[in-house]
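>
In the working numbering, the protein residues as written are 165 to 452.
The following block contains the structure:
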């Protein structure tokens, strides 16, 4: 459960076998044993979450730590189970039509390592919404491991843009997608390329965020849709979103800074309401 850990094929295969034979409840039950192991031995995760709770002004406790780890394990399990059986999941959204309208016209879908972010693409599977997910080669390899294990339902609404193909190829793919009024999904809380790191005050301490989605929005004049996928209970997530418009009448640096500050304020608000769903298990405020 380190910051960049991936769930390997053998683990996925075991949990998915439990799911297919014994049902969702067996996976849910087995997670307690998985989480207990990390609770006892993942000292680096414990220290990073202690720092996180201190910075957001919340008390850290063993009970809270266990629940935090369990939320992560559950959201990770839902990530691959939802690929095979998306119909068993319930997504709550009071403004569904508004969100779909934004995405059908092409936008930057800004996500974060929070809650059920990896399950969110299933929400759009029946609405003819094309989502282009920008990720690196390691994540694509990990996704392929999932698909080798499970009987994945048709993911025709999802396309992967591979960052490892280089800046020019990636930029062309993103530009073409937006020109076709498709949406492009990027992470706001991590940047693969260090040149896209930008320092912003986050809970009154400097932290680095990914400015690339905001640069793309400025250049293409597309809106940003900040999306937070809140784990509510077993197999149930709430979709919370807000539109962020880039002021293209201002200079690029000023407009990007302004939009990033707004995004970070939204993230702070969401974390104060759901502190146990932050899944960056490293010192996020560390100088990079």
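Cβ coordinates follow ideal geometry from the N, Cα and C atoms, glycine included.
Three or more C-beta pairs under 8 angstroms: does that hold for the stretch 319–331 against the stretch 269–277?
no
> For residue 188, does the three-state DSSP call read helix, strand or coil?
Locating residue 188 in the chain shown gives position 24, where the first residue counts as 1. Helix at residue 188.
> Grab the span of the beta strand (DSSP E) containing residue 412 for me, first residue to last.
Your numbering for residue 412 matches position 248 in the chain shown. No beta strand (DSSP E) contains residue 412, which DSSP labels as neither H nor E.
> Does the structure place the stretch 249–268 close enough to the stretch 277–289 that three or more beta carbon pairs sit under 8 angstroms?
yes
> Alpha carbon to alpha carbon, how far is residue 184 from residue 396? Give it in angstroms, no decimals.
Start at 1 with the first residue of the chain shown, and residue 396 comes out as number 232. Start at 1 with the first residue of the chain shown, and residue 184 comes out as number 20. Distance between the alpha carbons of residue 396 and residue 184 is about 24 angstroms.
> What is the rounded straight-line gap between the Cα of residue 350 and the Cα of residue 338?
On the chain shown, position 186 is the one that residue 350 refers to. On the chain shown, position 174 is the one that residue 338 refers to. When rounded, the distance between both Cα atoms is 11 angstroms.
> Quick one: what's got a C-beta closer than 8 angstroms to residue 375's C-beta in the same chain, skipping five residues either side?
In the chain shown, residue 375 corresponds to position 211, counting from 1. In chain order, 355, 360, 361, 362, 420 and 424 place their CB closer than 8 angstroms to the CB of residue 375, counting only its own chain and leaving out the 5 sequence neighbours on each side.
> Here's a check: name, in chain order, each residue in its chain whose Cβ is nearer than 6 angstroms to the Cβ of residue 448, leaving out the five neighbours to either side.
Reading the chain shown from its first residue, position 284 is the one you call residue 448. Excluding positions up to five away in sequence, the list reads 371.
> Quick one: what's residue 390 bridged to in DSSP?
For the purposes of this step, residue 390 is identified with residue 226 of the chain shown, where counting begins at 1. Answer by DSSP bridge pairing, in chain order: 274 and 406.
> Name the two residues that bound the continuous alpha helix (DSSP H) containing residue 231.
Taking the chain shown and counting its residues from 1, the one referred to as residue 231 is at position 67. Residues 226–248.
> Since residue 180 and residue 244 should fall inside the 8 angstroms C-beta cutoff, what is the C-beta to C-beta distance between them, to a whole number of angstroms?
Sequence index remark: in the chain shown, residue 180 carries index 16 (1-based). Sequence index remark: in the chain shown, residue 244 carries index 80 (1-based). Taking the Cβ atoms as the reference, residue 180 lies roughly 7 angstroms from residue 244, within the contact range of under 8 angstroms.
> Taking only three categories from DSSP, how would you classify residue 443?
The sequence position of residue 443 within the chain shown is 279, counting from 1. Here residue 443 sits in coil by DSSP.
> Here's the rule: buried if 16 or more other CB atoms are within 10 angstroms of the residue's CB, otherwise exposed. What is residue 508?
Given that the chain is displayed from residue 165 to residue 452, the structure contains no residue 508 and the question cannot be resolved.
> Mind checking which residues open and close the beta strand (DSSP E) that includes residue 363?
Translated into positions along the chain shown, residue 363 becomes position 199. Looking at the DSSP string, the run of the beta strand (DSSP E) that includes residue 363 is 361–366.
> Check whether the stretch 435–450 touches the stretch 379–390, counting contact only when three or more Cβ pairs, one atom from each stretch, lie closer than 8 angstroms.
no
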